[in-house]
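Engineer:
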Amino acid sequence: MNERVAIIGVGYTQLRPVSSDVSFREMIYEAAVRAYEDAGIEPRDVDTFVAISEDYHEGTAIFDEYVPDQLGAVLKPVHTITQDGLTALASCVMQIKTGLFNIAVLEGHSKASNILYPSHIDAFALDPVTVRPLGFNPVFLAGLEMQRFLVETGNTEYHCGLVVAKNRATAIKNPIAAYPAEISIEDVLSSNPVSFPLKELDIARKADGAFVIVLAKESVAKRLSPYPVYVEGVGWLQDTPNIEMRDLVSSLYLTGAANMAYREAGIRNPIREIDFAEIDDTFSYKELQHIEFLGIARPGESGEMLEEGYFDIDGEFPVNPSGGNIGCGYMYDSSSLRGVYEAVLQLRGFAAERQIPDVETALIASWRGIPTASGGVVILSNRE
Amino acid sequence: MEFKGKSLKDRDFKEKNILYTDWHVKAHYAWDCGVALSKFFEGLKEGKLYGRSCPECGRVVIPPRMFCELCFKPTDKWVLLKDEGRINTFSVSYVNTDASRREKPNVPAVIEIEGASEGMGILHLVAHPEKIEWENLEEVLSMIKIGTKVKAVWKPSNEREGAITDIKYFVPVKEE
Ligand SMILES: [Zn+2]
């Protein structure tokens with residue numbers, strides 16, 4: 001099938017530190033109803049469903065069996081991706097590209113507040129014989145990488161503090177964000193040390209919430225939606241699981257995923273050809289590292305550009321107009337769907353108070369979090 | 385075919401003669417029941433079974449849910465159901481979760497609750513009406529079959545905590 005694939009519907013719930021008044025089913029149902037209404041479809045029109053989940057984050061084994069009801073997917077083709085959200089989006093695109101499916105639905109959610117010992121779950125992901133017995137809280141991995149990245153590139157802790165201040169403040173204009181705040185760089189620098197040089201406020205806090213996204217092939221999209229947003233390129237890949245062997249300066253997973261997506265989208269000069277980006281900032285330094293290794297800034301230059309306001313919402317290349325994971329809340333593998341949601345609103349011109357004028361092309365880049373080196377990149381555009 | 389090597393004994397694990405990992409993951413979760421299951425559990429604490437009805441297809445579902453998974457519409461009414469029903473299917477189980485053998489079997493069953501739509505049931509245990517424990521398969525089969533009418537036996541109200549185990553078990557009852 002040579003047609004493009006478009007996003008024709010998005011649904012969300014408010015992101016919140018806790019959501020004890022609703023079950024995961026009721027939360028996802030709310031997002032799904034909004035997405036189907038937005039796309040002008042009923043669940044019976046959907047040909048295939050893809051959901052994102054990781055059993056240890058859900059609290060049940062074989063969680064994919066819990067997916068159908070709240071999406072209207074009973075007795076329909078459903079499968080679950082235990083990977084980052086953009087990898088799951090790529091799966092929807094590929095299914096539509098086979099020509100066998102016209103409409104695909106993607107779901108991702110987080111009930112992070114229900115995980116009582118998240119560090120223990122992260123620790124269980126470490127190598128059982130070479131790393132886990134050492135007994136560190138897995139957040140040390142972010143400390144190790146942040147240290148090497150800053151020393152090697154010349155970016156500073158001050159720049160990392162600036163990322164946090166920018167994203168928390170940007171989130172004030174995002175009605176779904178869980179952690180909007182006016183905080184100073186000094187607040188970040190003086191917050192509790194966690195794993196030097198990483199401090200408490202450098203870390204995105206977790207949030208509960210759900211997103212549902214409806215995709216369709218171009219001809220169907222044009223019929224159903226007055227403002228389809230096209231998927232121009234997708235990329236995803238993984239680095240080695242051996243932490244000791246990884247390049248801890250460069251996020252090579254995003255360089256590779258970006259090259260794959262840029263090639264498909266025909267992008268040669270990302271900073272010229274892309275208007276804004278939603279980029280993983282689960283740890284403050286990650287936003288800078290990701291900006292540099294996506295090819296948006298040269299290594300060592302992102303901090304200064306940030307200081308000059310280059311990545312502000314009214315800057316030359318806005319990064320995280322939603323407020324990012326730091327401003328909106330970290331939702332494990334579903335975090336990147338918030339980036340997709342934000343990009344779709346911006347490209348439709350529906351981002352209200354935080355609308356960036358005249359945008360045509362967006363980049364979304366994800367990282368799967370500790371202890372992984374996997375990421376994804378998606379290029380979206382509103383161009384006919 | 386002959387395999388080279390040596391077979392492993394329990395001792396080899398205990399004395400760490402081989403490399404193995406034994407990790408107790410602290411996989412502890414809060415569980416947000418939400419609107420529907422919270423009401424269901426509140427009902428159990430009061431000794432009541434609540435279902436929910438769908439305005440579209442008219443089904444009454446239990447355990448209750450806030451939306452109909454078939455019509456994809458919100459359900460809109462609480463329906464108080466009887467604490468009795470009929471056995472949709474049952475099995476006679478001789479194994480515990482850790483795979484050890486049970487001396488006396490227990491009987492898991494799907495119980496279609498009276499007043500709920502056909503095929504709507506909850507999973508629970510069925511016990512012997514007088515002595516609770518079943519001696520053997522023959523005894524079970526002599527007293528229950530698919531379609532047998534059963535009634536809930538509740539914990540005393542001061543012991544109920546809003547859990548599925550507030551019903552101790554169901555027992556077969558005589559047809560009126
Ligand atoms: Zn219905």
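Chains as they are written, first to last, in our numbering: chain A, 1 to 384; chain B, 385 to 560. All C-beta atoms, glycine included, are put in the ideal place defined by N, C-alpha and C.
Determine contact between the segment 354–371 of chain A and the segment 277–288 of chain A, defined as no fewer than three beta-carbon pairs at a distance below 8 Å.
Structural biologist: yes
Engineer: Could you tell me whether the Cβ atoms of A/F283 and A/I176 are closer together than 8 Å?
Structural biologist: Looking up residue 283 of chain A in the first sequence gives position 283. Looking up residue 176 of chain A in the first sequence gives position 176. Not in contact: A/F283 and A/I176 (Cβ atoms no closer than 8 Å).
Engineer: Is any non-hydrogen atom of ligand 1 found closer than 7 Å to the C-beta of B/C455, if you look at the structure I gave you?
Structural biologist: Along the second sequence, read from residue 1 onward, the residue named residue 455 of chain B stands at position 71. Yes; taking the cut-off as 7 Å, the Cβ of B/C455 has a heavy atom of ligand 1 nearer than that.
Engineer: Let me know the secondary structure DSSP gives A/A51 once reduced to three states.
Structural biologist: Numbered from 1 along the first sequence, position 51 holds the residue referred to as residue 51 of chain A. In the structure shown, A/A51 sits in a strand (DSSP, three-state: E or B).
Engineer: Report the three-state DSSP secondary structure of B/R408 (helix, strand or coil).
Structural biologist: Stepping through the second sequence from its first residue, residue 408 of chain B is reached at position 24. One point to set straight first is that residue 408 of chain B is His, not Arg, in the sequence displayed. Coil at B/H408, not helix or strand.
Engineer: Can you tell me which residues form a DSSP beta bridge with A/D127?
Structural biologist: Within the first sequence, the letter at position 127 stands for residue 127 of chain A. DSSP output for A/D127 lists no bridge partner at all.
Engineer: Report the residue from A/A169, A/V67, A/N174, A/E152 whose alpha carbon sits nearest the alpha carbon of A/A351.
Structural biologist: Walking along the first sequence from the start, residue 351 of chain A turns up at place 351. The residue with the shortest Cα to Cα distance from A/A351 is A/N174.
Engineer: Residues of the segment 415–429 of chain B in Cβ contact with chain A at a cutoff of 8 Å, in chain order, please.
Structural biologist: W415, D416, C417, G418, V419, A420, L421
Engineer: Under 7 Å from any heavy atom of ligand 2, does the C-beta of B/E502 make it?
Structural biologist: Among the ligands present in this structure, namely ligand 1, ligand 2 is not found.
Engineer: Using a beta-carbon distance cut-off of less than 8 Å, what residues from the segment 60–78 of chain A approach chain B?
Structural biologist: P68, D69, Q70, G72, V74
Engineer: Is there contact here, the segment 195–212 of chain A with the segment 131–143 of chain A, by at least three beta-carbon pairs under 8 Å?
Structural biologist: yes
Engineer: Just checking, does the segment 93–108 of chain A make contact with the segment 48–68 of chain A on the three C-beta pairs under 8 Å criterion?
Structural biologist: yes
Engineer: Determine the direct distance from the alpha carbon of A/E65 to that of A/Y388, and round the result to whole angstroms.
Structural biologist: This structure leaves residue 388 of chain A out entirely; chain A is present only between 1 and 384.
Engineer: For the segment 480–518 of chain B, list the beta strand (DSSP E) runs that are entirely contained and at least 3 residues long, ordered along the chain.
Structural biologist: Qualifying beta strand (DSSP E) stretches, in chain order: 485–490, 492–497, 505–509.
Engineer: Any heavy atom of ligand 1 closer than 7 Å to the Cβ of B/E380?
Structural biologist: Chain B is shown from 385 up to 560; residue 380 of chain B falls before or after that span and cannot be answered.
Engineer: Closer than 7 Å to a non-hydrogen atom of ligand 1 - does that hold for the CB of B/R443?
Structural biologist: As a first step, residue 443 of chain B must be located in the second sequence, where it is residue number 59. Yes.
Engineer: Here's the rule I'm using: 16 or more other beta-carbon atoms within 10 Å means buried, otherwise exposed. How should A/N167 be labelled?
Structural biologist: Residue mapping note: residue 167 of chain A aligns to position 167 of the first sequence, counting from 1. Answer is buried; the Cβ neighbour count reaches 16.
Engineer: Note down, in chain order, every chain B residue with its Cβ under 9 Å from the Cβ of A/I121.
Structural biologist: For the purposes of this step, residue 121 of chain A is taken as the residue at position 121 of the first sequence. The contacting residues are V409, K410, A411.
Engineer: Indicate whether A/R338 and A/F211 have their beta-carbon atoms separated by less than 8 Å.
Structural biologist: For the purposes of this step, residue 338 of chain A is taken as residue 338 along the first sequence, with counting starting at 1. For the purposes of this step, residue 211 of chain A is taken as residue 211 along the first sequence, with counting starting at 1. Yes, Cβ-Cβ distance for A/R338 and A/F211 is below 8 Å.
Engineer: Quick one: what's got a C-beta closer than 6 Å to B/E517's C-beta in the same chain, skipping five residues either side?
Structural biologist: Numbered from its first residue, the second sequence carries residue 517 of chain B at position 133. The answer, listed in chain order, is K488.
Engineer: By alpha-carbon positions, which one of A/P371, A/L306, A/D45 ends up nearest to A/R246?
Structural biologist: Residue numbering aside, residue 246 of chain A sits at position 246 when the first sequence is read from its first letter. Of the listed residues, the one whose Cα sits closest to A/R246 is A/P371.
Engineer: Could you pull out every residue in the same chain whose Cβ sits closer than 8 Å to the Cβ of A/S374, ignoring the five residues on either side in sequence?
Structural biologist: Position 374 of the first sequence, counted from the first residue, corresponds to residue 374 of chain A. Correct list, in chain order: Q83, D84, T87, W236, L237, Q238, D239, Y253, W367, R368.
Engineer: Quick test of your reading: B/I528 and B/V557, contact by CB under 8 Å. State the CB separation rounded to the nearest angstrom.
Structural biologist: Sequence index remark: in the second sequence, residue 528 of chain B carries index 144 (1-based). Sequence index remark: in the second sequence, residue 557 of chain B carries index 173 (1-based). With a Cβ gap of about 11 Å, B/I528 and B/V557 do not count as contacting.
Engineer: Verify the CB distance criterion: does A/K111 have a CB-CB separation below 8 Å to chain B?
Structural biologist: Position 111 of the first sequence, counting from 1, holds the residue named residue 111 of chain A. It does; some Cβ of chain B falls within 8 Å.
Engineer: Output needed for A/I313: all residues of its chain with C-beta closer than 7 Å, excluding positions within five of it in sequence on either side, in chain order.
Structural biologist: Here residue 313 of chain A refers to the residue found at position 313 of the first sequence. The answer, listed in chain order, is T170, P321, R354, I356.
Engineer: Just curious, the beta strand (DSSP E) that A/A365 is in, first and last residue?
Structural biologist: Counting from 1 along the first sequence, the entry for residue 365 of chain A is found at position 365. Looking at the DSSP string, the run of the beta strand (DSSP E) that includes A/A365 is 361–367.
Engineer: Leaving out the 5 sequence neighbours to the left and right, which residues in its chain are closer than 8 Å to B/S477 when beta-carbon positions are compared?
Structural biologist: Looking up residue 477 of chain B in the second sequence gives position 93. The answer, listed in chain order, is R486, P489, N490, V491, P492.
Engineer: Can you tell me which of B/T405, B/I551, B/L454 puts its alpha carbon nearest to the alpha carbon of B/P540?
Structural biologist: For the purposes of this step, residue 540 of chain B is identified with residue 156 of the second sequence, where counting begins at 1. The residue with the shortest Cα to Cα distance from B/P540 is B/I551.
Engineer: So which of B/E522, B/M450, B/C438 has the shortest CA-CA distance to B/V421?
Structural biologist: Counting from 1 along the second sequence, the entry for residue 421 of chain B is found at position 37. One detail in the question is off: residue 421 of chain B reads as Leu in this sequence, not Val. For the residues B/E522, B/M450, B/C438, the minimum Cα distance to B/L421 belongs to B/M450.
Engineer: Taking A/L71 and A/A32 to be in contact with their CB atoms under 8 Å, please state how far apart those CB atoms are, rounded to whole angstroms.
Structural biologist: For the purposes of this step, residue 71 of chain A is taken as residue 71 along the first sequence, with counting starting at 1. For the purposes of this step, residue 32 of chain A is taken as residue 32 along the first sequence, with counting starting at 1. Their Cβ separation, rounded to whole angstroms, is 5 Å, which keeps A/L71 and A/A32 in contact under 8 Å.
Engineer: Count the C-beta pairs between the segment 499–509 of chain B and the segment 425–443 of chain B that are closer than 8 Å, then say yes if the count reaches three, no if not.
Structural biologist: yes
Engineer: My output table needs one value for A/D208: the three-state DSSP class, helix, strand or coil.
Structural biologist: To locate residue 208 of chain A, count along the first sequence from 1; it is residue 208. Residue state, collapsed to three classes: strand.
Engineer: Compute the beta-carbon to beta-carbon distance between A/I7 and A/V229, rounded to the nearest angstrom, for a pair I have assumed lies under 8 Å.
Structural biologist: Against the first sequence, residue 7 of chain A aligns to sequence position 7. Against the first sequence, residue 229 of chain A aligns to sequence position 229. About 5 Å; that satisfies the 8 Å criterion.
Engineer: For A/L380 and A/I271, I'd like the C-alpha separation in whole angstroms.
Structural biologist: As a first step, residue 380 of chain A is located in the first sequence; it is residue number 380 there, counting from the start. As a first step, residue 271 of chain A is located in the first sequence; it is residue number 271 there, counting from the start. Going by the C-alpha atoms only, they are around 14 Å apart.
Engineer: Which residues of the segment 429–452 of chain B have a Cβ closer than 8 Å to any Cβ of chain A? Give them in chain order.
Structural biologist: R449, M450, F451
Engineer: Under 9 Å, CB to CB, which of the residues in the segment 18–35 of chain A have a partner in chain B?
Structural biologist: V18, S19, S20, D21, V22, S23, F24, R25, E26, M27, Y29, A32, V33
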